[in-house]
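Novice: Chains as they are written, first to last, in our numbering: chain P, 2 to 238; chain B, 2 to 238.
Cβ atoms here follow ideal geometry from the backbone N, Cα and C, with glycine treated the same way.
Source: prediction; values computed, not measured.
Here it is: the structure, laid out below.
Number of protein chains: 2
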Amino acid sequence: MTTTELYPSPESGAAQSIATGIYRELETMIIEGALAPGDRINEKSFADQRGISRGPIREACRRLEEAGLVEFKVNRGFFVRVLDLRDVLEIYDVRAALFAHAGRILARRITGDQLAELTALHEEMETAVEAGEADLFYTLNRRFHSRIMAFTKNNHLADIYEGLDRELHIWRKRALILDGNVRASSAEHGLILDVLRNGNPSRIAQVLRDHSLAGRNRLLRTMPEQVAWLQMDWDDD
Amino acid sequence: MTTTELYPSPESGAAQSIATGIYRELETMIIEGALAPGDRINEKSFADQRGISRGPIREACRRLEEAGLVEFKVNRGFFVRVLDLRDVLEIYDVRAALFAHAGRILARRITGDQLAELTALHEEMETAVEAGEADLFYTLNRRFHSRIMAFTKNNHLADIYEGLDRELHIWRKRALILDGNVRASSAEHGLILDVLRNGNPSRIAQVLRDHSLAGRNRLLRTMPEQVAWLQMDWDDD
DNA sequence: AGGGTAAAAATTGCCGACACTTTTGAAAAA
DNA sequence: TTTTTCAAAAGTGTCGGCAATTTTTACCCT
């Protein structure tokens, strides 16, 4: 039919729902910090600002709720999830186990191309460290780990990892921003590449696991005051 | 104000949104098989049958989408997710790693009460096996594993596990329904309890991991034809 | 028959509206 | 000043409706 075009098609021609776009927008805002933990997502003003209705926004928020980025309270709306220290420690704990598992898989499966890609990322990170570009390092660092997970060819593993990574995002940035942490982290990446090239599954698993736990500890060290009471209940294996 | 009551309050007085109720209803229907993989969720008829509008249903479906139980296609709606064999193998793989990790945690953390609860479940399962009550065994079996994860006190670990378990639900039922599988599974539970009482972390991890992989293999054996081409790419560690 | 095609029906995508609940804030009470 | 009250404002929960799209049906041509 040739009535006026009611729904302006998405800019790049890719037909997809508004809800999906809003989902991504909110996800980014939460991850980048434009929406802070505890903030309420005001459906009405959010909708009005974009000239859309609240339906798609609520749909997007429901997805974010299930993803753990947002919390829903009846008659009060959606709130950006507040991660307490316990959450962070839990996530690092699972994350370490997932990396250990990924290491075992990659011991048998990693290809030369993949090693080359990781090596290139590592070299970029080393450069970023020398240049003091913490933000760049952080971005590359995320990618480094993400690629490792992708190389396992286990989509569920990779998806679960990405979900945890998203939850941690803000917190981890805090930990890596400190120069010493960045250098230590980069050195560990070098070790990871070494053992990946050699190929002993247990050793690879151990190194990846240790790297994740070291990251956790680096984060903890940025907030010594709040940690004491939990520390003893969350020691290493 | 004293206008007519527009929203009949939820039967049991617990104030919560329709969307949440629908989410649970759909989740159950999918898990129990009332909705088969590939089925479309017809928003309109689903809404009309319950005398509600489509809004809450779409919100519920968005959550199910993020949970991986449902797939969304623009302009075509929500479809119950179809798990192919590859998905199942992926999930069992991650699941085994999570159980191994849970085992390491429980080696230090499990209490006498928790061991007693698991032992009681195990005994019930043994009884169910003798009585040939596969459905009862299946229910208790799910609970056994769920409790193990809960005992780790790591909510993220437990949540991720529950998510995977939900995805696997229908497939695993198929595997356990065979009598020999049930007996083997129950015997492994006995071994799990043994090693949990002794407390060597690596051994516990190994036994839990093996139990999960054995479950995967039991499932694979119920579908020998479809498996051959994948088998060699998915061998054990 | 078979295969294509176009109108009709069914369904999704989104919006505007209104009942109901929570929050705000200003006046009244302590 | 601090607390309480309570009504207005703001915001959520859900609905009904209409445009756009997809699916079905009915028809035509070969």
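1) Within 10 angstroms of its Cβ, does PRO9 (chain P) collect 16 or more other Cβ (buried), or is it exposed?
2) What number of angstroms, rounded off, separates the C-alpha of THR5 (chain B) from the C-alpha of ASP49 (chain B)?
3) Where LEU36 (chain B) and GLY164 (chain P) are concerned, what is the direct C-alpha to C-alpha distance, given to the nearest angstrom?
4) At what residues does the beta strand (DSSP E) containing VAL71 (chain B) begin and finish?
5) Do we get a CB-CB distance below 9 Å when we pair LEU194 (chain P) with the residues of chain B?
6) List, in chain order, every chain P residue whose beta-carbon is nearer than 8 Å to that of GLY287 (chain B).
7) Quick one: what's got a C-beta closer than 6 Å to ARG105 (chain P)'s C-beta in the same chain, skipping five residues either side?
8) Using a Cβ cut-off of 7 Å, pull out every chain B residue sitting near ALA68 (chain P), in sequence order please.
9) In whole angstroms, what is the alpha-carbon distance linking LEU84 (chain B) and ILE161 (chain B)?
10) With distances taken Cα to Cα, identify the nearest neighbour of ARG219 (chain P) among P:SER186, P:GLU67, P:GLY191 and P:LEU65.
11) Can you confirm whether ALA98 (chain B), when its beta carbon is compared against all beta carbons of chain P, has any partner nearer than 9 Å?
12) Under the three-state reduction of DSSP, which class applies to ILE53 (chain P): helix, strand or coil?
13) Taking the straight line between their C-alpha atoms, what separation do you get for MET126 (chain B) and LEU107 (chain B)?
14) Given a cut-off of 9 Å, decide if TYR93 (chain B) and LEU214 (chain B) are closer than it, judged by their beta-carbon atoms.
15) Please go through the segment 84–125 of chain B and give each complete alpha helix (DSSP H) segment of 4 or more residues, from N-terminal end onward.
16) Taking DSSP's pairing of strands, which residues face PHE47 (chain P) in a bridge?
17) In its own chain, which residues sit with a C-beta less than 6 Å from the C-beta of LEU99 (chain B), not counting the 5 before and 5 after it?
18) Would you mind stating whether ALA61 (chain P) and ARG63 (chain B) have Cβ atoms separated by less than 9 Å?
19) Since HIS157 (chain P) and GLU91 (chain B) should fall inside the 8 Å C-beta cutoff, what is the C-beta to C-beta distance between them, to a whole number of angstroms?
20) Could you name the residues of chain B that HIS170 (chain P) contacts, counting a contact when the two beta carbons are closer than 7 Å?
21) When the distance is taken between beta carbons, is ALA68 (chain P) closer than 9 Å to ARG167 (chain P)?
22) Could you tell me the alpha carbon to alpha carbon distance between VAL81 (chain B) and LEU194 (chain P), rounded to whole angstroms?
23) Using beta carbons (cut-off 9 Å, strictly below), is GLY56 (chain B) in contact with chain P?
24) Does GLY191 (chain P) come out as helix, strand or coil in the three-state DSSP assignment?
25) How many whole angstroms separate the CB atoms of LEU141 (chain P) and LEU122 (chain P), which I take to be in contact at a CB cut-off of 8 Å?
26) Identify whether GLY254 (chain B) lies in helix, strand or coil by the three-state DSSP scheme.
27) If you draw a straight line from the alpha carbon of HIS146 (chain B) to that of GLY191 (chain B), how long is it in whole angstroms?
28) Is it right to say GLY216 (chain B) is buried, meaning 16 or more other beta carbons lie within 10 angstroms of its own, or is it exposed?
29) Taking VAL95 (chain B) as the query, report the chain P residues whose CB atoms sit under 8 Å from its CB, ordered along the chain.
30) Using the C-alpha atoms, what's the distance from ALA101 (chain B) back to VAL95 (chain B)?
31) Would you mind giving the Cβ-Cβ distance between VAL130 (chain P) and VAL183 (chain P), rounded to the nearest angstrom? I have them listed as a contact below 8 Å.
32) List the residues of chain P whose Cβ lies closer than 9 Å to the Cβ of SER18 (chain B), in chain order.
Specialist: A quick look at the data gives this:
1) What you label residue 9 (chain P) is simply residue 8 of the first sequence in a count that begins at 1. For PRO9 (chain P), the predicted model reports a pLDDT of 40, less than 50, meaning its position is unreliable and no value from the coordinates is stated.
2) For the purposes of this step, residue 5 (chain B) is taken as the residue at position 4 of the second sequence. For the purposes of this step, residue 49 (chain B) is taken as the residue at position 48 of the second sequence. Here THR5 (chain B) scores only 31 on pLDDT, less than 50, and its place in the model should not be relied on; the value that follows carries that caveat. Between THR5 (chain B) and ASP49 (chain B), the C-alpha separation is close to 22 Å.
3) Here residue 36 (chain B) refers to the residue found at position 35 of the second sequence. Here residue 164 (chain P) refers to the residue found at position 163 of the first sequence. The alpha-carbon atoms of LEU36 (chain B) and GLY164 (chain P) are separated by roughly 27 Å.
4) Indexing the second sequence from 1 puts residue 71 (chain B) at position 70. From DSSP, the beta strand (DSSP E) with VAL71 (chain B) extends over 71–74.
5) Position 193 of the first sequence holds residue 194 (chain P). So, not an interface residue.
6) Here chain B covers residues 2 to 238 and nothing more, so residue 287 (chain B) does not appear.
7) In the first sequence, residue 105 (chain P) corresponds to position 104, counting from 1. Correct list, in chain order: PRO202 and ALA206.
8) For the purposes of this step, residue 68 (chain P) is identified with residue 67 of the first sequence, where counting begins at 1. Here the neighbours are GLU67.
9) Here residue 84 (chain B) is taken as the residue at index 83 of the second sequence, counted from 1. Here residue 161 (chain B) is taken as the residue at index 160 of the second sequence, counted from 1. Straight-line Cα distance between these residues: approximately 18 Å.
10) Mapped onto the first sequence, residue 219 (chain P) falls at position 218. Checking every option, the nearest Cα to that of ARG219 (chain P) belongs to P:SER186.
11) As a working mapping, residue 98 (chain B) is identified with position 97 in the second sequence. Yes, ALA98 (chain B) lies at the interface with chain P (some Cβ there is under 9 Å from its Cβ).
12) For this step, residue 53 (chain P) is matched to residue 52 along the first sequence. Correct three-state label for ILE53 (chain P): coil.
13) On the second sequence, position 125 is the one that residue 126 (chain B) refers to. On the second sequence, position 106 is the one that residue 107 (chain B) refers to. For MET126 (chain B) and LEU107 (chain B), the distance between alpha carbons rounds to 22 Å.
14) As a first step, residue 214 (chain B) must be located in the second sequence, where it is residue number 213. As a first step, residue 93 (chain B) must be located in the second sequence, where it is residue number 92. Their beta carbons are under 9 Å apart, which means LEU214 (chain B) touches TYR93 (chain B) by this criterion.
15) 86–110
16) On the first sequence, position 46 is the one that residue 47 (chain P) refers to. According to DSSP, which records beta bridges pairwise, PHE47 (chain P) is partnered with nothing at all.
17) Residue mapping note: residue 99 (chain B) aligns to position 98 of the second sequence, counting from 1. The answer, listed in chain order, is TYR162.
18) On the first sequence, residue 61 (chain P) is found 60 positions in, with the first residue counted as 1. On the second sequence, residue 63 (chain B) is found 62 positions in, with the first residue counted as 1. Going by C-beta atoms, ALA61 (chain P) is nearer than 9 Å to ARG63 (chain B).
19) Start at 1 with the first residue of the first sequence, and residue 157 (chain P) comes out as number 156. Start at 1 with the first residue of the second sequence, and residue 91 (chain B) comes out as number 90. So it is a contact: roughly 4 Å between Cβ atoms.
20) For the purposes of this step, residue 170 (chain P) is taken as the residue at position 169 of the first sequence. Correct list: empty, because the minimum Cβ distance to chain B is about 15 Å.
21) In the first sequence, counting from the first residue as 1, residue 167 (chain P) sits at position 166. In the first sequence, counting from the first residue as 1, residue 68 (chain P) sits at position 67. Cβ distance < 9 Å, so ARG167 (chain P) and ALA68 (chain P) count as in contact.
22) Within the second sequence, numbered from 1, the residue matching residue 81 (chain B) stands at position 80. Within the first sequence, numbered from 1, the residue matching residue 194 (chain P) stands at position 193. In a straight line, the C-alpha of VAL81 (chain B) is about 41 Å away from that of LEU194 (chain P).
23) By one-based count along the second sequence, residue 56 (chain B) stands at place 55. Output row for GLY56 (chain B): interface = yes.
24) Reading the first sequence from its first residue, position 190 is the one you call residue 191 (chain P). Of the three classes helix, strand and coil, the one that applies to GLY191 (chain P) here is helix, per DSSP.
25) Here residue 141 (chain P) corresponds to residue number 140 of the first sequence, with the count starting at 1. Here residue 122 (chain P) corresponds to residue number 121 of the first sequence, with the count starting at 1. Indeed they touch by this definition, with Cβ atoms about 6 Å apart.
26) The requested residue 254 (chain B) does not occur in the structure, where chain B is confined to residues 2 to 238.
27) On the second sequence, residue 146 (chain B) is found 145 positions in, with the first residue counted as 1. On the second sequence, residue 191 (chain B) is found 190 positions in, with the first residue counted as 1. Answer to the nearest angstrom: the Cα atoms are 13 Å apart.
28) Looking up residue 216 (chain B) in the second sequence gives position 215. Buried, since its Cβ has 16 or more Cβ neighbours within 10 Å.
29) Stepping through the second sequence from its first residue, residue 95 (chain B) is reached at position 94. The contacting residues are LEU99, HIS102, ASN155, HIS157, LEU158 and ILE161.
30) Position 94 of the second sequence, counting from 1, holds the residue named residue 95 (chain B). Position 100 of the second sequence, counting from 1, holds the residue named residue 101 (chain B). Near 10 Å, if we compare the C-alpha coordinates of ALA101 (chain B) and VAL95 (chain B).
31) Translated into positions along the first sequence, residue 130 (chain P) becomes position 129. Translated into positions along the first sequence, residue 183 (chain P) becomes position 182. At roughly 6 Å, the Cβ-Cβ gap stays under 8 Å, so VAL130 (chain P) and VAL183 (chain P) are in contact.
32) As a working mapping, residue 18 (chain B) is identified with position 17 in the second sequence. The answer, in chain order, is PHE73, VAL75 and ASN76.
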